[in-house]
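Going by numbering that gives the first Met the number 0, the sequence shown runs without a break in its numbering and finishes at 485. Just so you know, even glycine gets a beta-carbon here, dropped at the ideal spot from N, CA and C. Small disclaimer: the values here were computed from a predicted structure and weren't measured.
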Amino acid sequence: MGTLFSRFFKEPVAPAARVRVVLVGAGEVGFRIAKRLAQDGKEVVVVDLDPERLSEIQDAMDVQTVTGSGSSPSVLQEAGVEGAGYFLAVTDRDEINLVSCMFANALAPAAVKLARIRNPEYARYPGLLGSDGLNIRMMVNPDEEVVRTIDRLLSLPGALDYAQFADGRIRMVEYKVEQAPFVDRPLMRFRELVGDDGIMVACILRKDALIIPDGGEAIHSGDTVYFVYRAEAQRSLLRALGRTRGFFNTACIIGGGNIGMLLARLFEDKGVDVKLIERDAARCEELADILDGTLILHGDGTDKALLEEENVGKMDVVAAVTGDEETNILSCLLAKSLGVRDTVASVNKAAYLSLMELIGIDHSVSARVAAVNGFLNYIRRGRVVASASVGGEAAEVLEAQLPEGSPLLGKPVRALELPRNVLLLAVLRSSEPKTGVFIPDGGTVLAPLDHVILLGTRPAINKLEPLLAAVGPNLAAADSGISPSQ
Numbered sequence: 000m001g002t003l004f005s006r007f008f009k010e011p012v013a014p015a016a017r018v019r020v021v022l023v024g025a026g027e028v029g030f031r032i033a034k035r036l037a038q039d040g041k042e043v044v045v046v047d048l049d050p051e052r053l054s055e056i057q058d059a060m061d062v063q064t065v066t067g068s069g070s071s072p073s074v075l076q077e078a079g080v081e082g083a084g085y086f087l088a089v090t091d092r093d094e095i096n097l098v099s100c101m102f103a104n105a106l107a108p109a110a111v112k113l114a115r116i117r118n119p120e121y122a123r124y125p126g127l128l129g130s131d132g133l134n135i136r137m138m139v140n141p142d143e144e145v146v147r148t149i150d151r152l153l154s155l156p157g158a159l160d161y162a163q164f165a166d167g168r169i170r171m172v173e174y175k176v177e178q179a180p181f182v183d184r185p186l187m188r189f190r191e192l193v194g195d196d197g198i199m200v201a202c203i204l205r206k207d208a209l210i211i212p213d214g215g216e217a218i219h220s221g222d223t224v225y226f227v228y229r230a231e232a233q234r235s236l237l238r239a240l241g242r243t244r245g246f247f248n249t250a251c252i253i254g255g256g257n258i259g260m261l262l263a264r265l266f267e268d269k270g271v272d273v274k275l276i277e278r279d280a281a282r283c284e285e286l287a288d289i290l291d292g293t294l295i296l297h298g299d300g301t302d303k304a305l306l307e308e309e310n311v312g313k314m315d316v317v318a319a320v321t322g323d324e325e326t327n328i329l330s331c332l333l334a335k336s337l338g339v340r341d342t343v344a345s346v347n348k349a350a351y352l353s354l355m356e357l358i359g360i361d362h363s364v365s366a367r368v369a370a371v372n373g374f375l376n377y378i379r380r381g382r383v384v385a386s387a388s389v390g391g392e393a394a395e396v397l398e399a400q401l402p403e404g405s406p407l408l409g410k411p412v413r414a415l416e417l418p419r420n421v422l423l424l425a426v427l428r429s430s431e432p433k434t435g436v437f438i439p440d441g442g443t444v445l446a447p448l449d450h451v452i453l454l455g456t457r458p459a460i461n462k463l464e465p466l467l468a469a470v471g472p473n474l475a476a477a478d479s480g481i482s483p484s485q
């Protein structure tokens with residue numbers, strides 16, 4: 000679930016009459032983006048050098064493909080870039096993405112161009128890459144978002160996932176509930192039992208089934224629950240869940256790549272005692288020059304003897320963020336067996352993400368999911384601001400601004416004709432600073448320009464489009480995981 004891990008050069012503006020998306024890069028990121036956009040009815044053209052990968056994509060979804068390099072003008076023309084509303088360069092190489100955007104800008108200057116860029120140096124030159132140069136509307140840096148996600152997760156003891164909306168004033172967190180005062184009680188009494196009307200239950204995962212509850216439903220021990228709450232209600236929620244232990248003071252990072260370096264720098268700024276284990280000796284020397292407050296260790300994060308020698312088992316947190324997810328998983332399991340309180344593993348395979356809790360790893364993050372969320376949050380229905388996936392990909396929470404003319408205006412919530420399996424979670428009313436953000440009740444009446452936060456299953460969310468639109472705006476669609484939008 001997933002904040003924003005992107006840098007905007009301009010406000011998002013969906014093309015008025017174009018729905019074609021040309022996407023360069025058919026890796027995991029490109030695959031996921033193409034699949035969601037195809038499901039939302041977009042005309043998607045995927046460009047990649049690997050014909051076998053493109054064949055797999057065509058078998059999995061309704062898209063067009065072009066074999067070739069996205070940095071070739073003739074290939075982009077074959078993909079129909081001149082008629083595209085959006086151009087996405089999402090390969091795992093920054094330079095290819097930038098060159099692709101350069102040629103796309105020359106061939107289709109009106110297309111909205113988005114690029115996956117990991118090197119933070121490029122973000123320092125918005126004039127070159129933004130409207131005065133390559134005209135890239137947004138750059139997504141998944142590494143930065145992963146670091147922010149880890150920071151948020153560790154600030155919520157025991158949380159499995161996290162997302163935020165309304166500029167952080169509304170938050171969503173996923174917890175496995177064992178004991179709490181509201182367990183086995185009807186949800187109509189939930190706010191009374193937690194002692195705060197700024198918290199509500201969004202949905203429940205029970206034995207692989209996703210439940211969007213009504214007031215008669217109850218949370219049972221062992222359920223995984225998504226809570227939505229106002230920022231100021233976080234302490235009440237943690238108290239009700241019995242999750243009030245202190246923050247971490249010591250951390251071990253396994254992996255000295257870009258994510259590991261950024262995470263170490265963040266921890267240093269927080270005054271955390273940090274150790275970082277990296278297997279490449281030359282990279283260790285580079286990190287030692289960059290990170291003044293981190294102890295750099297040359298070694299393997301899966302070496303139990305090294306972990307024991309460095310007393311890793313007595314540390315509060317171990318974050319394994321190497322480029323190899325199997326290494327990350329094993330490192331976390333070893334750390335957990337040595338007594339570490341909280342573990343974080345960076346993984347990308349969807350199958351691994353769903354297994355983390357089952358095998359005893361406290362938190363999982365995904366740079367690829369972060370990248371997908373960044374792009375899809377941009378290519379949304381006209382007034383959708385942010386979104387987050389729930390229960391894998393079973394459901395979605397989205398934040399949208401209600402335009403003049405929306406069918407949702409002027410009626411009490413109890414009378415809204417929302418699609419089945421859609422729930423209104425929260426409202427941000429900027430026109431009333433004293434009211435601000437609130438959890439609605441049946442008598443709440445929505446006003447123009449309100450930001451509404453809604454939960455729905457994937458099929459139900461697709462039916463929301465007419466309710467979130469007014470005459471005029473073009474609508475496009477997207478996603479963000481509880482790897483989360485901000």
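Element boundaries [alpha helix (DSSP H), containing residue i]
{"i": "residue 105", "result": "93–106"}
{"i": "residue 271", "result": "First-last for residue 271: undefined, no H or E at that position."}
{"i": "residue 374", "result": "366–377"}
{"i": "residue 457", "result": "457–461"}
{"i": "residue 238", "result": "233–240"}
{"i": "residue 175", "result": "Counting along the chain, residue 175 falls outside any alpha helix (DSSP H), though it belongs to the beta strand (DSSP E) covering 169–175."}
{"i": "residue 161", "result": "No alpha helix (DSSP H) contains residue 161, which is instead part of the beta strand (DSSP E) from 160–164."}
{"i": "residue 330", "result": "324–337"}
{"i": "residue 148", "result": "141–153"}
{"i": "residue 74", "result": "72–77"}
{"i": "residue 351", "result": "349–352"}
Backbone CA spacing between residue i and residue j [nearest angstrom]
{"i": "residue 95", "j": "residue 125", "result": "18 Å"}
{"i": "residue 84", "j": "residue 191", "result": "49 Å"}
{"i": "residue 448", "j": "residue 410", "result": "15 Å"}
{"i": "residue 312", "j": "residue 163", "result": "32 Å"}
{"i": "residue 144", "j": "residue 372", "result": "10 Å"}
{"i": "residue 211", "j": "residue 420", "result": "7 Å"}
{"i": "residue 69", "j": "residue 146", "result": "29 Å"}
{"i": "residue 35", "j": "residue 294", "result": "42 Å"}
{"i": "residue 73", "j": "residue 338", "result": "57 Å"}
{"i": "residue 467", "j": "residue 107", "result": "29 Å"}
{"i": "residue 236", "j": "residue 422", "result": "20 Å"}
{"i": "residue 323", "j": "residue 196", "result": "43 Å"}
{"i": "residue 361", "j": "residue 226", "result": "18 Å"}
{"i": "residue 283", "j": "residue 315", "result": "23 Å"}
{"i": "residue 148", "j": "residue 428", "result": "26 Å"}
{"i": "residue 89", "j": "residue 135", "result": "13 Å"}
{"i": "residue 159", "j": "residue 182", "result": "19 Å"}
{"i": "residue 234", "j": "residue 170", "result": "12 Å"}
{"i": "residue 37", "j": "residue 453", "result": "22 Å"}
{"i": "residue 193", "j": "residue 238", "result": "8 Å"}
{"i": "residue 381", "j": "residue 375", "result": "Unreliable placement is indicated for residue 381, whose pLDDT of 49 sits below 50; no coordinate value is reported for it."}
{"i": "residue 267", "j": "residue 387", "result": "29 Å"}
{"i": "residue 91", "j": "residue 29", "result": "10 Å"}
Cβ-based neighbour list, residue i, same chain, cut-off 8 Å, excluding 5 preceding and 5 following
{"i": "residue 121", "result": "93, 97, 128, 138"}
{"i": "residue 232", "result": "195, 197, 198"}
Beta carbon of residue i nearer than 8 Å to that of residue j
{"i": "residue 277", "j": "residue 255", "result": "yes"}
{"i": "residue 187", "j": "residue 221", "result": "no"}
{"i": "residue 240", "j": "residue 176", "result": "yes"}
{"i": "residue 201", "j": "residue 396", "result": "yes"}
{"i": "residue 253", "j": "residue 363", "result": "no"}
{"i": "residue 198", "j": "residue 228", "result": "yes"}
{"i": "residue 204", "j": "residue 455", "result": "no"}
{"i": "residue 399", "j": "residue 450", "result": "yes"}
{"i": "residue 345", "j": "residue 258", "result": "yes"}
{"i": "residue 59", "j": "residue 21", "result": "no"}
{"i": "residue 161", "j": "residue 168", "result": "no"}
Cβ separation of residue i and residue j, assumed to be a contact under 8 Å, to the nearest whole Å
{"i": "residue 43", "j": "residue 23", "result": "Not a contact, Cβ separation roughly 12 Å."}
{"i": "residue 141", "j": "residue 350", "result": "The Cβ separation is near 19 Å, so there is no contact."}
{"i": "residue 459", "j": "residue 418", "result": "5 Å"}
Where the beta strand (DSSP E) through residue i begins and ends
{"i": "residue 43", "result": "42–47"}
{"i": "residue 287", "result": "Unbroken run through residue 287 is the alpha helix (DSSP H), 280–289; no beta strand (DSSP E)."}
{"i": "residue 198", "result": "198–205"}
{"i": "residue 341", "result": "341–345"}
{"i": "residue 435", "result": "435–437"}
{"i": "residue 394", "result": "394–400"}
{"i": "residue 224", "result": "223–229"}
Cβ shell of residue i (< 6 Å), same chain only, five flanking positions each side left out
{"i": "residue 305", "result": "298"}
{"i": "residue 497", "result": "Nothing can be reported for residue 497: it is not among the residues displayed for the chain, which extend from 0 to 485."}
{"i": "residue 340", "result": "315"}
{"i": "residue 465", "result": "none"}
{"i": "residue 17", "result": "Reliability of the predicted coordinates at residue 17 is poor, the pLDDT of 43 falling under 50, and the value obtained from them is presented with this limitation in mind. Cβ within range, chain order: 84."}
Own chain residues within Cβ distance below 7 Å of residue i, not counting five before or after
{"i": "residue 25", "result": "45, 47, 49, 52, 53, 56"}
{"i": "residue 242", "result": "156, 157"}
{"i": "residue 33", "result": "22, 43, 45, 56, 60, 62"}
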